[in-house]
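Colleague: Could you have a look at this structure, given as structure tokens, before my questions?
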Amino acid sequence: MAIDLDSKATKDLETIVANCVRLNRTSDPVFAAASQILETRKTGEYNMEKTIAAIRRRGRLRSFLCYKDVADASGLNWVRSRRGVGAHLDALTVFAAEHGWPNLTSIVVHKDKTETGEMTADHLKGFLDGVRAAGQDIDIDDMAFLKREQHRVFAWCREEA
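Just so we're aligned, residue 70 is where the sequence shown starts under the numbering used here, counting upward by one.
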């Protein structure tokens, strides 16, 4: 009998995932499905492919995106979806690292910083925390790392055109 995971409460899904981890059953399809549903709920229906496409478009122009642009790319209402953008960008950081891509989220900045690509202290911390959580080392000064990654993203976007 198949389990209807979509109808489960978030708390129940978290329990299923925790039990799979505890029992070392992370290869179980139920674990993968429950984890995916939790991620979707957490990130507010953001679409990874659409975010990557938006980053590629802007990156080819050597232009920065703001967080609302990420929501717009997925067709989401910014006011309702803004709490999920951080989790979505963290998931994108992991996805990019797994594919050997540069840190795509380095060109996503606060709306007041889209001209310069600078990050506020809080946003820089969030970006760097996401990079570290993806298993990457930050081998130079934080700001120098950010600028290097932004240049890498712009170069990657031109190569991918």
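Note that beta-carbon positions come from the ideal geometry of N, C-alpha and C, so glycine has one too.
As the structure is a prediction and not an experimental result, all values here were calculated from the model.
According to the neighbour-count rule (16 or more other Cβ atoms, all chains shown, within 10 Å of its Cβ), is Ala-165 buried or exposed?
Modeller: buried
Colleague: Determine the contact status of Val-86 and Ala-103, defining contact as a CB-CB distance below 8 angstroms.
Modeller: Yes; because the gap between Cβ atoms is below 8 angstroms, this pair is in contact.
Colleague: To the nearest angstrom, report how far apart Thr-189 and Ile-72 are at their CA atoms.
Modeller: 44 angstroms
Colleague: If you run the structure through DSSP and keep just helix, strand and coil, what is Leu-134?
Modeller: strand
Colleague: Give the single residue among Gly-169, Ala-140, Ala-203 whose Cα lies nearest to the Cα of Arg-149.
Modeller: Among Gly-169, Ala-140, Ala-203, the Cα nearest to that of Arg-149 belongs to Ala-140.
Colleague: According to the Cβ coordinates, are Val-222 and Leu-173 closer than 8 angstroms?
Modeller: yes
Colleague: Restricting to Cα atoms, I'd like to know which of Glu-218, Leu-107, Leu-92, Thr-84 is closest to Asp-75.
Modeller: Leu-107
Colleague: Nearest-angstrom Cα distance between Gln-105 and Ala-160?
Modeller: The alpha-carbon atoms of Gln-105 and Ala-160 are separated by roughly 11 angstroms.
Colleague: Taking the alpha-carbon positions, what's the Phe-196 to Arg-151 distance?
Modeller: 16 angstroms
Colleague: Please report the straight-line C-alpha distance between His-220 and Ile-121, rounded to a whole angstrom.
Modeller: Each residue's Cα considered, the two are about 16 angstroms apart.
Colleague: Give the straight-line distance between the Cα atoms of Lys-80 and Leu-130, rounded to the nearest whole angstrom.
Modeller: 43 angstroms
Colleague: May I have a chain-ordered list of the alpha helix (DSSP H) segments no shorter than 4 residues that lie completely inside the region 160-229?
Modeller: 190-202, 211-229
Colleague: By alpha-carbon positions, which one of Leu-92, Glu-218, Gln-205 ends up nearest to Ile-176?
Modeller: Glu-218
Colleague: Rounded to the nearest angstrom, what separates Glu-184 and Ala-101 at their Cα positions?
Modeller: 40 angstroms
Colleague: Near Leu-268, what residues of its chain come up, given a Cβ to Cβ distance below 7 angstroms and the 5 sequence neighbours on each side ignored?
Modeller: No answer is possible for residue 268: the residues shown for the chain start at 70 and end at 230.
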